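**Student:**
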Amino acid sequence: MLQIKNLTKVYPDGTVALKNVSFEVPDGEFLIVIGLSGSGKSTLLRCINRLINPTEGEIIWNGIDLSKLEGEDLRKARRKIGMIFQNFNLVKRSSVFSNVMSGRLGYSRTIPSMFGQFSKDDIEMGRKVVERLGITSQMHKRADELSGGQQQRVGIARALMQEPELILADEPVASLDPVLAHSILKTLETLNQEDGLTVICSLHYLDLVQRYGTSVVGLREGEVVYRGSREDVRKMTDEQFKEIYGAEAERVGASIEGSVKG
Amino acid sequence: MQSRKVISKPQKESLVSPVIAAILSAIIPGLGQILARVVNRGLIILASFVTSLGLLIWRIATEGSRYTGWRTVVSKAYKLNPFLYAITALMVITYIYGIVDAYLTARPGAKKSKAIGMIFLIILVFFMQGWEIGQIDMGALFRDADEAVPALSKVVWPWEKAISYPEEYRTTIIDVQTPCTDVPFPAGEIKTDEPYLIADPTCGVPSVVEVSQGTEFHVVGGNFVPGKPVEFWWKDSANREFHHRVDGDYLIVTPDKDGSFEVSVIMPYRTLTAAAEEGVKVWQIQARQLISVGKAEFSEELKLAVEKMIETIFIGMMATFFGIILAIPVSFIAARNLMSHSPVTMAIYYLVRTILNIIRSIEPLIWAIIAVIVVGLGPFAGILALTLHSLAALAKLYSEAIESIDSGQIEAIQATGANWFQVVSHAVIPQIIPPFVSFTIYRWDINIRMSTVIGFVGGGGIGYLLAQWIRILDYRSAGIAVWFIAITVAILDFVSADIRERFV
Ligand SMILES: Nc1ncnc2c1ncn2[C@@H]1O[C@H](COP(=O)(O)OP(=O)(O)O)[C@@H](O)[C@H]1O
Ligand SMILES: [Mg+2]
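Chains as they are written, first to last, in the numbering used here: chain A, 1 to 262; chain B, 1001 to 1504.
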């Protein structure tokens, strides 16, 4: 269970990116965060794993307030939270496998890992994860040689190496075409349903939200303006969606069936 | 017509009438155009006119500098350099064209023309002035070509000088007796397989200062190396050796194609007192010839060139090495993204950047001259100069590599729970190593090229040698140096391109 309580983030330049945000995410949820560009989605996700420090509020996860953690404790907590990015944020010049293995850094001894040495078990685990995501044949390529969809799979593999309980996905499919978008989200859905990982994912497209979300949080100008269950989301019309979301909302336009093959 | 009107912008109405504009342009070129509201064109005409007139006056003054009175100076200048006529004529044409252009543009309702003709004329004026100031003389390329060819061919193919044969003096002797006695002194004998001398007569008396000339010996030599000079020496009874002279010059004889020669030598003065040489003594006539012995070996010049080439490569290498070591820390304080958090660090950033830019904008050759003044001639001066320049160039490139680090990659690694060291090793280093390596190799390449010429100003390396050889007109040796430089640079090009390709 993740509880966000009165979370506020004010950037040094005075921008109030989050205002008193509170909601709960039960374990096993596929929570989708929607909102206009600039509404605070990234800020919210980054506060959770503390890539940025919240100004006020609490982030209680499994009874621990993440917002107060420092140093070793923070790193221990981060290990259990995988993150996936819109731009994949792979280390471009490193190989796919070394990118995947970097998800294991939090569990590895500093000095050997600095030189790319990982334990046998970790390497075995890396192989399995790579296989599960279907990127085995790309393993030894440089990360930036892969297509966008493949890179995002590497990003997911890296997160999985952390043996996470929670996955934060910040617009994971915004740089991908609709077919690939479905394929990536299906992967996340599988992780959510089969492995029981909690997923918090920000998205732009209503049909994707309806298809994958088990619950939705709508943000506007840093405030929660919508909170809905799976059923609420299914019933949502384009007009409602646009109201919360803003005019930018649109349907992705590719059938889910099409994505199964892709 | 109709469509043109639509496309071309209607011109702004001129402030003056066409005639006034023409007159104004006659007084000050371009003024008419300015008042006809084609201000840019007017300014360009004015600036070009002032500049080219200034250049013309300067050239006239230089050409006629030995004369006084401006009339004389001008007339002499044109006489000495008729090219100035052409320039002046063209400037007059341009001037008149400017007046006409002013008239045309000031006409009411005139179309905005592009003034291509004007621009062409102005460019032509500057081109001709450049030709004159640059003392461009195409004839010089061919005039002395026949003299340049032998020198250049030596540079192009210098390898005769790359090998040499060790040489040694071979001394062939014949004894003569002084004075003559009743017993005839034996003459030398003809040998078949080694050089020999035969003297006739076989005895005689030395010269005596201001009294008498010594005996003249007719010496025949055989089996010497054809074409190689032979010098003559005497050895007296006390084993003192002295070079034979004729009227103060050393006697040199060149054997014919059979290796034979004939020569007359007059027995020289004694260096001992006559008393010391009392009795019958034996002197020796020696014929010494410098001959090649043993196998061909690399010439001194070649060895020197190799040594200096090695020195050159190491100058470049050391400079690169020191450059890297110094540039790395400097690059961090020259990286905007690392220094932008406070006004103080920002001030340091600007200061460092400015200093680096100044150092970089001064050519390494000039730094080498300065370094020679400070530490004296030699490789160290070259290393210093190149180090300084590399430091500035590398620090700039490195800092740009640091500035372009993608923070997303760093965040992604942080998000996995990695600690600081792991973030550096997995997200920062992989991003900066490739550009660092690439820039460093590139710099190494430049440094070795530079170190080949840094010797011209005394900075050590092969350039120093090359400059000296050119100065003493030893084109063959210079050619060897040039070849070494070319080969080294070519290899370097290949290697550095290859290494860089792997990293980028
Ligand atoms: N580092 C930052 N410094 C200042 N303001 C920021 C920073 N990052 C984001 N913001 C601002 O915070 C607000 C929320 O941004 P963000 O969380 O990126 O929104 P979203 O991900 O929904 O597009 C925006 O107004 C944005 O301009
Ligand atoms: Mg965002």
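All residues carry an ideal CB built from backbone N, CA and C; glycine is no exception. Computed from a predicted model, the values in this text were never measured in an experiment.
Using a Cβ-based criterion (distance less than 8 Å to any ligand heavy atom), does residue 171(A) qualify as near ligand 2?
**Tutor:** Answer for residue 171(A): yes, Cβ within range of ligand 2.
**Student:** Return the Cβ separation of residue 1384(B) and residue 1371(B) in integer angstroms, given the expectation that the two are a contact with Cβ distance under 8 Å.
**Tutor:** Residue 1384(B) to residue 1371(B), Cβ: 4 Å. Contact.
**Student:** Does residue 1406(B) come within less than 9 Å of chain A when only Cβ atoms are used?
**Tutor:** Yes, residue 1406(B) lies at the interface with chain A (some Cβ there is under 9 Å from its Cβ).
**Student:** Check for me: the beta strand (DSSP E) holding residue 83(A) runs from which residue to which?
**Tutor:** First-last of the beta strand (DSSP E) with residue 83(A): 81-84.
**Student:** Please compile the residues from chain B whose C-beta is within a distance smaller than 8 Å of the C-beta of residue 51(A).
**Tutor:** Correct list: 1411, 1414 and 1415.
**Student:** When the Cα atoms are used, what is the spatial distance from residue 1119(B) to residue 1161(B)?
**Tutor:** Near 56 Å, if we compare the C-alpha coordinates of residue 1161(B) and residue 1119(B).
**Student:** In chain order, what are the residues with a CB under 6 Å from some non-hydrogen atom of ligand 1?
**Tutor:** Counting every residue whose Cβ lies closer than 6 Å to a heavy atom of ligand 1, we get 11(A), 13(A), 15(A), 17(A), 35(A), 37(A), 38(A), 39(A), 40(A), 41(A), 42(A) and 43(A).
**Student:** Relative to the C-alpha of residue 1359(B), which candidate in 1347(B), 1333(B), 1335(B) and 1393(B) has its C-alpha closest?
**Tutor:** Checked all of 1347(B), 1333(B), 1335(B) and 1393(B); the closest Cα to residue 1359(B) is 1393(B).
**Student:** With a cut-off of 8 Å, do at least 3 Cβ pairs link the region 1172-1180 of chain B to the region 1280-1297 of chain B?
**Tutor:** At 8 Å Cβ cutoff, the stretches touch.
**Student:** Should residue 87(A) be flagged as near chain B, meaning a C-beta pair shorter than 9 Å?
**Tutor:** Cβ-Cβ to chain B under 9 Å: yes for residue 87(A).
**Student:** Anything in chain A within Cβ reach of residue 1371(B), meaning under 7 Å, just list it in chain order.
**Tutor:** Going along chain A, no residue has its Cβ under 7 Å from residue 1371(B), so there is no contact; the nearest lies around 38 Å.
**Student:** Provide the residue span of the beta strand (DSSP E) that contains residue 198(A), from first to last.
**Tutor:** From DSSP, the beta strand (DSSP E) with residue 198(A) extends over 198-202.
**Student:** Taking Cβ to Cβ, would you say residue 1012(B) is nearer than 9 Å to residue 1037(B)?
**Tutor:** Yes; because the gap between Cβ atoms is below 9 Å, this pair is in contact.
**Student:** Identify every run of the alpha helix (DSSP H) within the region 40-92 of chain A, keeping only runs that are complete inside it and at least 4 residues long; order them along the chain.
**Tutor:** Runs of the alpha helix (DSSP H) inside the region 40-92 of chain A: 41-48 and 71-79.
**Student:** Can you grab the Cα-Cα spacing for the pair residue 1268(B) / residue 1205(B), in whole Å?
**Tutor:** Using only the alpha carbons, I get a separation of about 9 Å.
**Student:** Would you mind giving the Cβ-Cβ distance between residue 82(A) and residue 152(A), rounded to the nearest angstrom? I have them listed as a contact below 8 Å.
**Tutor:** Not really, about 13 Å apart at Cβ, beyond 8 Å.
**Student:** Do residue 95(A) and residue 125(A) come within 9 Å of each other at the CB atom, strictly closer than that value?
**Tutor:** The answer is no: Cβ separation not under 9 Å.
**Student:** Cβ of residue 307(A) within 8 Å of any heavy atom in ligand 2?
**Tutor:** Residue 307(A) is absent from the structure shown; chain A starts at 1 and stops at 262.
**Student:** Do residue 1461(B) and residue 1379(B) have their C-beta atoms within less than 9 Å of each other?
**Tutor:** Taking 9 Å as the Cβ cut-off, residue 1461(B) and residue 1379(B) qualify as a contacting pair.
**Student:** Is residue 11(A) helix, strand or coil when you go by DSSP?
**Tutor:** Residue state, collapsed to three classes: coil.
**Student:** Contact check, residue 1444(B) vs residue 1496(B) under 8 Å by CB: the rounded distance?
**Tutor:** Sure, about 7 Å apart at Cβ, within 8 Å.
**Student:** In this structure, what does DSSP give as the bridge partners for residue 1199(B)?
**Tutor:** DSSP, once it has assigned bridges, lists 1219(B) as partnering residue 1199(B).
**Student:** Let me check you understand the geometry: is the CB of residue 67(A) closer than 8 Å to at least one non-hydrogen atom of ligand 2?
**Tutor:** Checking every heavy atom of ligand 2 against the Cβ of residue 67(A), none is found closer than 8 Å.
**Student:** Check this for me: beta carbons of residue 1509(B) and residue 1045(B), under 9 Å apart or not?
**Tutor:** The structure shown does not extend to residue 1509(B), since chain B is modelled only from 1001 through 1504, so no value can be given for it.
**Student:** Consider the Cβ of residue 1501(B): report whether some Cβ of chain A lies at a distance smaller than 9 Å.
**Tutor:** So no, residue 1501(B) is outside the interface.
**Student:** I want to know whether the region 18-25 of chain A touches the region 67-83 of chain A - three or more CB-CB distances under 8 Å.
**Tutor:** Result no; under three Cβ-Cβ pairs closer than 8 Å.
**Student:** For residue 1312(B), count the other beta carbons within 10 Å of its own beta carbon; 16 or more makes it buried, fewer makes it exposed. Which is it?
**Tutor:** Buried: at least 16 other Cβ atoms inside 10 Å.
**Student:** CA-CA distance, residue 233(A) and residue 208(A)?
**Tutor:** Each residue's Cα considered, the two are about 11 Å apart.
**Student:** Distance cutoff 9 Å, beta carbons only. Does residue 1418(B) sit that close to anything in chain A?
**Tutor:** By this cut-off, residue 1418(B) is an interface position.
**Student:** For the structure I just gave you, are there three or more beta carbon pairs, one from the region 1313-1322 of chain B and one from the region 1441-1455 of chain B, closer than 8 Å?
**Tutor:** Because the criterion of three Cβ pairs below 8 Å is met, the region 1313-1322 of chain B and the region 1441-1455 of chain B touch.
**Student:** When every heavy atom of ligand 2 is checked, does at least one fall within less than 8 Å of the C-beta of residue 86(A)?
**Tutor:** The answer is yes for residue 86(A).
**Student:** Using a cut-off of 7 Å between C-beta atoms, extract the partners of residue 1434(B) located in chain A.
**Tutor:** Near residue 1434(B) (Cβ distances below 7 Å), the residues of chain A are 93.
**Student:** Are there three or more Cβ pairs, one per stretch, closer than 8 Å when the region 88-105 of chain A is compared with the region 1402-1412 of chain B?
**Tutor:** Result yes; three or more Cβ-Cβ pairs closer than 8 Å.
**Student:** Taking one C-beta from the region 1062-1077 of chain B and one from the region 1020-1032 of chain B each time, how about it: are there three or more such pairs within less than 8 Å?
**Tutor:** Cβ pair count under 8 Å is below three, so no.
**Student:** Quick check on this structure: which residue in 1374(B), 1328(B) and 1368(B) has the alpha carbon closest to the alpha carbon of residue 1400(B)?
**Tutor:** The shortest C-alpha separation from residue 1400(B) is found at 1328(B).
**Student:** Buried or exposed for residue 1341(B), going by 16 or more other Cβ atoms inside 10 Å?
**Tutor:** It counts as exposed.
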